[in-house]
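Enquirer: In full-length UniProt numbering, the protein residues as written are 1 to 202.
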Amino acid sequence: MALFRLGPSSENATFVRGDGVYLRPPEMRDFEAWAGLRERSRSFLTPWEPTWPGDDLTRTAFRRRLRRNEQEIANDEAYPFLIFNTKDVLLGGLTLGQVKRGVAQSATLGYWMGAPHAGKGFMGRAVRAVVGFSFATLRLHRIEAACLPHNEASIRLLEHVGFTREGYARAYLRINGSWQDHLLFALLESDLLLPPRQPPLP
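(1) Can you tell me whether DSSP reads PHE4 as helix, strand or coil?
(2) To the nearest angstrom, report how far apart THR86 and GLY119 are at their CA atoms.
(3) Taking only three categories from DSSP, how would you classify GLY132?
(4) From GLN180 to THR46, what does the alpha carbon distance come to, in whole angstroms?
(5) Out of SER134, ARG65 and GLY18, which has the shortest C-alpha to C-alpha gap to GLU27?
(6) If you run the structure through DSSP and keep just helix, strand and coil, what is GLY124?
(7) If CYS147 and LEU140 are in contact, beta carbons under 8 Å, what's the gap, nearest whole angstrom?
(8) Do VAL21 and ILE83 have their beta-carbon atoms positioned less than 7 Å apart in this structure?
(9) Of all the options VAL131, GLY92, HIS150 and ALA153, which has the alpha carbon lying nearest to the alpha carbon of ALA107?
(10) Under 8 Å by Cβ, that's how I've got LEU94 and LEU23 pegged, so tell me the actual separation to the nearest angstrom.
(11) Where does residue 210 fall in DSSP's three states?
(12) Kindly give me the distance between the Cβ atoms of VAL161 and VAL127, rounded to whole angstroms, as I take these residues to be in contact under 8 Å.
(13) For TYR168, which residues in the same chain have their Cβ closer than 8 Å to its Cβ, ignoring the five residues on either side in sequence?
(14) Along the beta strand (DSSP E) that carries GLN71, what are the first and last residues, could you check?
(15) Whole angstroms are fine: how far does the CA of ASP191 sit from the CA of SER43?
(16) How many whole angstroms separate the CB atoms of TYR79 and LEU57, which I take to be in contact at a CB cut-off of 8 Å?
(17) Which word fits VAL16, buried or exposed, when buried means at least 16 other C-beta atoms lie within 10 angstroms of its C-beta?
(18) Residues in its own chain within less than 8 Å of GLU39 by CB, not counting five upstream and five downstream?
(19) Which class does ALA35 belong to by DSSP, given the choice of helix, strand or coil?
(20) Among the candidates MET113, ALA186 and THR14, whose CA atom is the shortest distance from the CA of LEU90?
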């Protein structure tokens with residue numbers, strides 16, 4: 001029902017600024033930087049991602065990706081972003097996908113960081129920025145994320161940003177060619193109103 005469909009407050013509000021980073025949807029002018037960074041990061045990313053199609057890094061496949069992205073944004077189904085630093089260097093990517101409206105008002109968060117830029121705090125800043133965008137602009141209620149149980153960096157990132165571990169899903173996603181279990185996390189808009197969680201006492 002249209003009554004329950006709370007969409008973004010502005011259809012063109014897809015530029016997101018964060019602390020030392022900014023995010024925007026991919027454009028054709030990004031192809032060379034995107035393909036180059038993905039290729040240099042292939043071995044770094046392979047354990048954490050679905051198997052790449054054979055033509056994944058081609059200009060034709062990138063153009064198809066852009067058309068799909070544009071349709072997803074227009075339909076309020078997903079919001080794909082590239083992440084840049086303040087010097088306009090491409091760092092990685094982030095997607096708010098599987099947007100559900102009606103009584104759910106939720107989306108799923110996915111992200112990747114180029115190997116040269118990993119471990120420097122950029123993804124945490126990007127996720128924080130997108131969290132603000134999700135709740136303020138897209139008017140979501142809940143953001144979900146999943147990661148492999150042995151992906152300690154991703155677990156630390158999600159917990160540091162404020163996500164709560166909610167469950168364990170068996171054979172949840174097909175990653176690197178095989179069905180793999182995942183930890184399930186979520187962040188609610190109301191969680192941002194709570195005081196920061198203190199680490200446990202030793």
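For glycine and all other residues, C-beta sits at the position ideal for the given N, C-alpha and C.
Expert: Taking the coordinates as given:
(1) Because the pLDDT of PHE4 is 36, which lies under 50, any placement of that residue in the model is unreliable, and the number read from its coordinates should be weighed accordingly. PHE4 falls in the helix class under three-state DSSP.
(2) THR86 and GLY119 have their C-alpha atoms some 17 Å from each other.
(3) Helix at GLY132.
(4) The alpha-carbon separation between GLN180 and THR46 amounts to approximately 14 Å.
(5) Looking at the Cα atoms, ARG65 is the closest of the given residues.
(6) Three-state DSSP puts GLY124 in a helix.
(7) Contact doesn't hold; Cβ gap of about 20 Å is too wide.
(8) A contact, by the Cβ cut-off of 7 Å.
(9) Closest option to ALA107, judged by alpha-carbon separation, among VAL131, GLY92, HIS150 and ALA153: VAL131.
(10) Contact flag correct, Cβ pair sits at about 6 Å.
(11) Summary: the structure shown does not reach residue 210, with the chain confined to residues 1 through 202, and so no result is reported for it.
(12) With a Cβ gap of about 5 Å, VAL161 and VAL127 count as contacting.
(13) Non-local C-beta neighbours of TYR168 in its own chain, meaning closer than 8 Å and more than five positions away in sequence, comprise PRO149, ASP181, HIS182, LEU183 and LEU184, ordered along the chain.
(14) It is not in any beta strand (DSSP E) - GLN71 instead sits in the alpha helix (DSSP H) that spans 59 to 74.
(15) If you draw a straight line from the Cα of SER43 to the Cα of ASP191, it is about 36 Å long.
(16) By a beta-carbon distance limit of 8 Å, TYR79 does not contact LEU57. Their separation comes to about 23 Å.
(17) VAL16 is buried by the Cβ-count criterion.
(18) Excluding residues up to 5 positions away in sequence, LEU57 lie with their Cβ nearer than 8 Å to the Cβ of GLU39 in the same chain.
(19) Of the three classes helix, strand and coil, the one that applies to ALA35 here is helix, per DSSP.
(20) When each option's Cα is compared against that of LEU90, the closest is MET113.
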